[in-house]
Each structure stands twice: as C-alpha cells, then as structure tokens.
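Step one of this worksheet: look at the structure below.
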Amino acid sequence: MAWATQPWQRVHIDYAEVKGQNFLLVVDSHSKWLEVLPMNTTTSTATINVLRTLFARYGLPIQLVSDNGPQFRSEEFQNFLKSNGVDHTLTPPYHPATNGLAERNVQTFKNAFAKSSGETLGHKVANVLFTLRNTPNTTTGKTPSELFLRDPKD
Numbered sequence: 001m002a003w004a005t006q007p008w009q010r011v012h013i014d015y016a017e018v019k020g021q022n023f024l025l026v027v028d029s030h031s032k033w034l035e036v037l038p039m040n041t042t043t044s045t046a047t048i049n050v051l052r053t054l055f056a057r058y059g060l061p062i063q064l065v066s067d068n069g070p071q072f073r074s075e076e077f078q079n080f081l082k083s084n085g086v087d088h089t090l091t092p093p094y095h096p097a098t099n100g101l102a103e104r105n106v107q108t109f110k111n112a113f114a115k116s117s118g119e120t121l122g123h124k125v126a127n128v129l130f131t132l133r134n135t136p137n138t139t140t141g142k143t144p145s146e147l148f149l150r151d152p153k154d
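Per the UniProt record's numbering, the sequence shown starts with residue 1, numbered consecutively.
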C-alpha cells in the first residue's frame, strides 16, 4: 500500500464497541486524524449514511481500507463506494495488520475513552478527540490537527 501524501487520500475504518456502545472509527492515513462516530447500529445502511456525511464535509477519499465485516462486504456498501469513485481495499481475513492503522486506533480510543471524563457520551468522545488530535504523533512529529488542517504551529 503506497504512503498517503496528503490528507484524506486514504482512510481506514473499523467498528469498536465500548460498554455496549458501537462507534465507527475513521482514520486518515496521512495525518492520523481520527473521527469517532457513535452508532446505534452497524448495518451497511447506517455506515453509508455516516460516511456520506463525512464525505460531504471532507470530500471523497481516493481509497478506503476496511476489514471483512459484513457491513463492508455488502453489495450496498460496495456500490456506494464504487458509484463515488472510491477504491475499496478489504483486508485479507486473518490478517488484521493490513488495517493496522484502524486496529491501533480502536485500542487507543478504547483506552482513552475508559480514562476520559465527561458528563455525556458526546463530551467523553470530544475530550478523547481533543487530546488525540492535538498530541504530536511519534511517526510524523506533528499533531494530526496540524497535518489534517494544514495549520503548522511553527
């Protein structure tokens, strides 16, 4: 898989469950910018609806990487991506490292969420994202916010 050279060129997605609540995680490969979206259901239709909103906000990625979850393999999901010109890469079964960026962010989110304070689910998620987006990444040396929003703090 080629290295992403700009924001939103390639995104990795996965679902995470924390204390009975499902979340869709979308990670930008270039900047490591993370989106976390609480989900009532993990169906293809619900996933498409959330991605449509993200794509309206940030534009269409060139490539989307996911595991082989049923919502990502469905004909409905495949058609949504194809009709929007998004290349879909499904990770090989039993090889989660191919979607390692999403897998790592699932664990990071779960750990941070467990430690996060906040009165509501929305507050807790916002607190986690605030911290993760404004902490320099060990690989890039920059914060996800700097790279994603192209706002260097020099």
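Glycine included, every Cβ here is placed at the ideal spot set by N, Cα and C.
Per DSSP, reduced to three states, the secondary structure at A114 is helical.
Around the Cβ of F130, a 10 Å sphere holds fewer than 16 other Cβ atoms; the residue is exposed. Nearest in C-alpha terms to N68, of all of T5, T143 and H12, is H12.
Restricting attention to P7, G118, R150 and T138, the CA atom closest to the CA of L60 is found in P7. Under the Cβ criterion (8 Å, minimum of three pairs), the region 69-84 counts as touching the region 30-49. Our two residues, T120 and P38, have alpha carbons roughly 12 Å apart in a direct line. By the Cβ test, the region 97-117 is in contact with the region 23-38, since at least three Cβ pairs between them sit closer than 8 Å.
Taking 8 Å as the upper bound for CB-CB distance, L101 and V27 are in contact here, some 5 Å apart. Within the same chain, and ignoring the five residues on either side of Y58 in sequence, the residues whose Cβ sits closer than 7 Å to its Cβ are W8. Put simply, of T53, K19, P136 and R10 the residue whose alpha carbon is nearest the alpha carbon of L90 is R10. Assigned with DSSP and collapsed to three states, S74 falls in coil, not helix or strand.
Judged by beta-carbon spacing, S116 lies within the 8 Å limit of N127, meaning their Cβ atoms are closer than that value.
Between L64 and H88, the C-beta spacing is below 8 Å. Beta-bridge pairing by DSSP links I13 to V26. DSSP places Q107 in the helix class (H, G or I) of the three-state scheme. Taken through DSSP and simplified to helix, strand or coil, V128 comes out as helix.
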